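Peer 1:
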Amino acid sequence: MADVTRETMEYDVVIVGAGPAGLSAAIRLKQLDADLEVVVLEKGSEVGAHILSGAVLDPVGLDALIPDWKAKGAPLNVPVTEDKFYMLGEAGQVRIPNFPMPPLMNNHGNYIVSMGNVCRWMAEQAEELGVEIFPGMACSELVYGDSGEVKGVVAGVFGLEEDGSIGENTEPGMELHGKYVFLSEGVRGSLSKEVIAKYNLDADSEPQKYGLGMKEIWEIDPEKHREGSVTHTMGWPLGGNAGGGSFIYHLENNQVYVGFVVHLNYKNPHLFPYMEFQRFKHHPMVAELLKGGKRVAYGARAITEGGYQSMPKMVAPGVALLGCSVGMVNVPRIKGNHNAMLSGKAAAEAAYAAIQDGRASDELSSYETEVRTGAIGQDLKKVRNVKPLWSKRGLVASLTLGGFDMWTNTLGFSLLGTMKHGKSDAEATEPAADHAPIDYPKPDGKLSFDRLTNVAFSFTNHEESQPAHLKLKDASVPVAKNLPTYAGPSQRYCPAGVYEYVQEADKDARFVINFQNCVHCKTCDIKDPAQNIVWTTPQGGDGPNYPNM
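What the sequence shown shows, in the numbering used here, is residues 1 to 549, in sequence order.
(1) Tell me, to the nearest whole angstrom, how far the beta carbon of G186 is from that of G17; I am working on the premise that it is less than 8 Å.
(2) Let's see if you can read the secondary structure: which residues bound the alpha helix (DSSP H) around V187?
(3) Quick check on Q125: buried or exposed, where buried means 16 or more other Cβ atoms within 10 Å of its Cβ?
(4) Do the CB positions of G48 and M115 come within less than 9 Å of each other?
(5) Unbroken alpha helix (DSSP H) runs of length 4 or more, entirely within the region 46-102: which are they?
(6) Residues bridged to F158 by DSSP?
(7) Below 8 Å, can you find three or more Cβ-Cβ pairs linking the region 79-93 to the region 331-341?
(8) For a test of the three-state rule: what should DSSP assign to F277, helix, strand or coil?
(9) DSSP three-state label for G17, please.
(10) Of the residues G292, P102, D68, Y249, which one's Cα is nearest the Cα of P79?
(11) Just how far apart, CA to CA, sit G73 and A123?
(12) Please classify K70 as buried or exposed, where buried requires at least 16 other C-beta atoms within 10 Å of its C-beta.
(13) Whose C-alpha, out of G344, N514, E161, is nearest the C-alpha of L452?
(14) Could you give the residue range of the alpha helix (DSSP H) that holds C524?
(15) Distance, Cα to Cα, K140 vs V195?
(16) Starting from the C-beta of M174, find all residues in its chain whose C-beta is less than 8 Å away, skip the five residues before and the five after it, and write them out in chain order.
(17) Assuming E463 contacts D542 under a Cβ cut-off of 8 Å, what Cβ separation, rounded to an integer in Å, is found between them?
(18) According to DSSP, is E216 part of a helix, a strand, or is it coil?
(19) Is R372 helix, strand or coil by DSSP?
(20) My output table needs one value for A436: the three-state DSSP class, helix, strand or coil.
(21) I'd like the list of long-range same chain contacts for G167, defined as Cβ closer than 6 Å, with 5 residues on each side in sequence excluded.
(22) Indicate the three-state DSSP secondary structure (helix, strand or coil) for L395 in the structure shown.
(23) Quick check on V4: does DSSP put it in helix, strand or coil?
(24) Can you tell which of V94, L264, Q93 has its C-alpha closest to the C-alpha of C521?
(25) Could you tell me how far apart the beta carbons of M105 and P431 are, in whole angstroms, since I believe they sit closer than 8 Å?
(26) Would you mind working out which of N517, P547, D12, Q491 sits nearest P269, comparing C-alpha positions?
(27) Any idea if S476 is buried or exposed, counting beta-carbon neighbours within 10 angstroms, 16 or more meaning buried?
(28) When you compare the CB positions of V262 and L271, do they come within less than 9 Å of one another, or not?
(29) Do you know whose CA, among C524, R28, K446, lies nearest P478's CA?
(30) When you compare only the Cα positions, how much space is there between V13 and S229?
(31) Would you identify the three-state DSSP class for Q503, choosing helix, strand or coil?
(32) With distances taken from CA atoms, which of V150, G239, S458 is nearest V438?
(33) In whole angstroms, give me the CA-to-CA distance for H421 and K381.
(34) Between G306 and Q208, how many whole angstroms is the CB-CB distance? I'm expecting something under 8 Å.
(35) Per DSSP, which one or two residues make a beta bridge with G259?
(36) By the 10 Å Cβ neighbour count, where 16 or more other Cβ atoms means buried, how is V150 classified, buried or exposed?
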């Protein structure tokens with residue numbers, strides 16, 4: 001669509017994504033200068049619609065951004081009251097005591113929240129300060145200046161023909177230009193991928209690592225509900241097949257977040273992360289909690305897990321990457337929202353100073369310095385070896401040696417230095433012939449559910465006549481390479497049943513992409529062993545519509 005003429009709007013700062021990072025940046029910019037022109041573009045149908053995080057929130061980010069957040073009614077209503085860790089076996093569990101754990105693992109002072117609701121509240125604060133927020137406006141392209149700098153984005157393209165061409169009902173969108181563009185798209189954002197590749201921002205960092213997080217909201221028997229209770233588990237059902245674990249958070253109104261994370265560096269392509277999650281709920285401890293309850297929502301999202309050593313360079317001419325576009329999750333704490341908020345604040349302060357100096361479209365190097373040497377870097381550096389230890393030496397090593405390393409890092413040093421991750425998650429996948437298939441029990445419809453039934457509880461929706469936003473670099477690869485070598489792993493690693501191989505009598509297998517089911521988790525873009533699937537931004541407003549997730 002390069003030859004299309006579009007209207008142009010000029011801003012001081014253009015922000016892509018109304019998550020905690022983007023909204024924090026918008027709020028801070030207007031706090032610093034009410035006259036700055038700031039716009040936030042959100043692809044979800046409303047702010048919070050695409051936010052999947054049944055989170056325990058460390059309020060340090062909010063404390064720095066809006067110190068009087070309690071008085072202003074921030075939806076942090078459930079303080080953590082108890083914190084439990086379990087190692088699961090198939091028929092039982094062993095509680096891991098809290099006292100040997102490093103202080104950073106303590107959840108005292110944190111809150112169980114719906115990050116969707118937190119972001120909705122943050123959007124209200126931003127709008128009161130004069131920030132323009134446009135939901136349902138997907139950003140599909142970057143706009144570059146004459147010197148190769150990022151000068152804006154294309155947003156609001158609607159009504160393309162099914163083949164991607166322009167039709168009589170196509171709305172070409174508009175260009176929004178800024179002195180600086182902030183990309184806060186979350187994990188594996190398509191524009192962020194483009195910027196990282198174009199400017200070679202990951203040249204000096206380790207490969208980014210990921211997990212697939214799946215979550216259901218349950219309403220449970222009030223007698224079993226313990227508001228403020230936080231439980232994490234490791235071990236069964238994953239065992240040695242993959243790293244990962246679960247979380248169970250008791251929030252308000254007899255509701256519980258039940259989540260499961262599978263690290264995407266698993267080797268066995270027969271592994272079925274979604275079915276591991278469903279099997280987990282049949283553990284006696286979990287089944288007893290959920291018995292008599294009902295599932296009310298489902299969702300899935302990739303999680304950045306590479307940490308300190310996997311953060312790419314965060315700035316290029318005219319653009320800065322924020323939050324999970326960089327990868328700021330503290331893996332052992334299972335927390336990243338606080339760092340996302342702090343990154344938005346830091347980026348805003350760097351852009352404000354630059355604009356005050358009369359600068360534009362250059363590199364905000366002071367932002368990168370603050371992230372790496374300030375509170376975010378200090379938070380991530382302490383835990384930098386937990387993930388590579390888990391990946392290379394297994395769960396026991398991550399608990400023992402990783403725990404020891406976190407303790408020494410609390411004192412300011414590490415005997416391990418900074419460990420490397422090595423392979424990407426796609427490269428970690430091994431041929432199917434090297435691994436045994438895994439037999440998964442059929443969902444019972446009470447505790448466990450098939451994928452398509454659960455996807456209906458994500459309230460996802462895509463206009464079927466639009467071009468598929470899941471694209472193949474080479475259409476022959478799924479059948480010619482991935483099926484014979486890896487047993488077609490996309491039909492298992494996708495938590496929404498988007499991909500399937502259709503085998504008809506006397507015909508070759510066909511690879512089918514049911515893009516309407518997509519919940520925007522980005523797992524396919526990450527885990528495909530051939531790196532042949534490319535996730536692109538669909539039409540604005542499409543995708544999941546998560547309720548209070």
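Every residue, glycine too, gets a C-beta built ideally from N, C-alpha and C. Given the structure is predicted, the values throughout are model-derived calculations rather than measurements.
Peer 2: Short version:
(1) For the purposes of this step, residue 186 is taken as the residue at position 186 of the sequence shown. For the purposes of this step, residue 17 is taken as the residue at position 17 of the sequence shown. Here G186 really is in contact with G17; their C-beta atoms are around 6 Å apart, less than 8 Å.
(2) Position 187 of the sequence shown, counted from the first residue, corresponds to residue 187. That residue, V187, is in no alpha helix (DSSP H); it is neither H nor E in DSSP.
(3) Within the sequence shown, numbered from 1, the residue matching residue 125 stands at position 125. Q125 comes out buried.
(4) Sequence index remark: in the sequence shown, residue 48 carries index 48 (1-based). Sequence index remark: in the sequence shown, residue 115 carries index 115 (1-based). A contact, by the Cβ cut-off of 9 Å.
(5) With a minimum length of 4 residues, the continuous alpha helix (DSSP H) runs that stay inside the region 46-102 are 60-65.
(6) Taking the first residue of the sequence shown as 1, we reach residue 158 at position 158. Per DSSP, the beta bridge partners of F158 are E171.
(7) No: fewer than three Cβ pairs fall under 8 Å.
(8) Position 277 of the sequence shown, counting from 1, holds the residue named residue 277. If DSSP states are grouped into helix, strand and coil, F277 belongs with the helices.
(9) For the purposes of this step, residue 17 is taken as the residue at position 17 of the sequence shown. If DSSP states are grouped into helix, strand and coil, G17 belongs with coil.
(10) On the sequence shown, position 79 is the one that residue 79 refers to. Looking at G292, P102, D68, Y249, the one whose alpha-carbon comes closest to that of P79 is Y249.
(11) Residue numbering aside, residue 73 sits at position 73 when the sequence shown is read from its first letter. Residue numbering aside, residue 123 sits at position 123 when the sequence shown is read from its first letter. Rounded to whole angstroms, G73 to A123 spans 13 Å at the Cα level.
(12) Numbered from 1 along the sequence shown, position 70 holds the residue referred to as residue 70. Counting C-beta atoms within 10 angstroms of its own C-beta, K70 has fewer than 16 neighbours from the protein chains shown and is therefore classed as exposed.
(13) Here residue 452 corresponds to residue number 452 of the sequence shown, with the count starting at 1. That would be N514, whose Cα lies nearest to the Cα of L452.
(14) Here residue 524 corresponds to residue number 524 of the sequence shown, with the count starting at 1. Note, C524: alpha helix (DSSP H), 523-527.
(15) Numbered from 1 along the sequence shown, position 140 holds the residue referred to as residue 140. Numbered from 1 along the sequence shown, position 195 holds the residue referred to as residue 195. Looking at the sequence itself, residue 140 is Ser, so the reference to Lys does not match. Rounded to whole angstroms, S140 to V195 spans 13 Å at the Cα level.
(16) Here residue 174 refers to the residue found at position 174 of the sequence shown. Setting aside the 5 residues that flank it on each side, M174 is surrounded in the same chain by R6, E7, T8, M9, V154, A155, G156, each with a C-beta closer than 8 Å to its C-beta; the list follows chain order.
(17) What you label residue 463 is simply residue 463 of the sequence shown in a count that begins at 1. What you label residue 542 is simply residue 542 of the sequence shown in a count that begins at 1. The beta carbons of E463 and D542 sit about 6 Å from each other, so the pair counts as a contact at 8 Å.
(18) Numbered from 1 along the sequence shown, position 216 holds the residue referred to as residue 216. Strand.
(19) Taking the sequence shown and counting its residues from 1, the one referred to as residue 372 is at position 372. Three-state result, R372: helix.
(20) Position 436 of the sequence shown, counting from 1, holds the residue named residue 436. When DSSP states are grouped into helix, strand and coil, A436 belongs to the coil group.
(21) Counting from one through the sequence shown, the residue named residue 167 turns up at place 167. Contacts found: E161.
(22) For the purposes of this step, residue 395 is taken as residue 395 along the sequence shown, with counting starting at 1. Of the three classes helix, strand and coil, the one that applies to L395 here is helix, per DSSP.
(23) Here residue 4 corresponds to residue number 4 of the sequence shown, with the count starting at 1. Reduced to three states, the DSSP call for V4 is coil.
(24) By one-based count along the sequence shown, residue 521 stands at place 521. Ranking the options by Cα distance to C521, first place goes to L264.
(25) Taking the first residue of the sequence shown as position 1, residue 105 is located at position 105. Taking the first residue of the sequence shown as position 1, residue 431 is located at position 431. Not a contact, Cβ separation roughly 38 Å.
(26) In the sequence shown, residue 269 corresponds to position 269, counting from 1. When only C-alpha atoms are compared, the closest one is Q491.
(27) Taking the sequence shown and counting its residues from 1, the one referred to as residue 476 is at position 476. Exposed, because fewer than 16 other Cβ atoms sit within 10 Å of the Cβ of S476.
(28) In the sequence shown, the residue the question calls residue 262 occupies position 262. In the sequence shown, the residue the question calls residue 271 occupies position 271. Yes, the pair counts as a contact, with Cβ atoms nearer than the cut-off.
(29) Reading the sequence shown from its first residue, position 478 is the one you call residue 478. When each option's Cα is compared against that of P478, the closest is C524.
(30) Here the question's residue 13 lines up with position 13 in the sequence shown. Here the question's residue 229 lines up with position 229 in the sequence shown. Distance between the alpha carbons of V13 and S229: 40 Å.
(31) As a working note, residue 503 is residue 503 in the sequence shown. In this structure, Q503 counts as coil in the three-state DSSP scheme.
(32) Residue mapping note: residue 438 aligns to position 438 of the sequence shown, counting from 1. The residue you asked about is not Val; residue 438 is Ile in the sequence shown. The candidate whose alpha carbon is nearest that of I438 is G239.
(33) Residue numbering aside, residue 421 sits at position 421 when the sequence shown is read from its first letter. Residue numbering aside, residue 381 sits at position 381 when the sequence shown is read from its first letter. So the two alpha carbons sit approximately 15 Å from each other.
(34) As a first step, residue 306 must be located in the sequence shown, where it is residue number 306. As a first step, residue 208 must be located in the sequence shown, where it is residue number 208. Distance from G306 to Q208 at the Cβ level is roughly 4 Å; contact confirmed, criterion being Cβ atoms closer than 8 Å.
(35) Locating residue 259 in the sequence shown gives position 259, where the first residue counts as 1. Looking at the DSSP assignment, G259 forms a beta bridge with K215, F247.
(36) For the purposes of this step, residue 150 is identified with residue 150 of the sequence shown, where counting begins at 1. V150 comes out buried.
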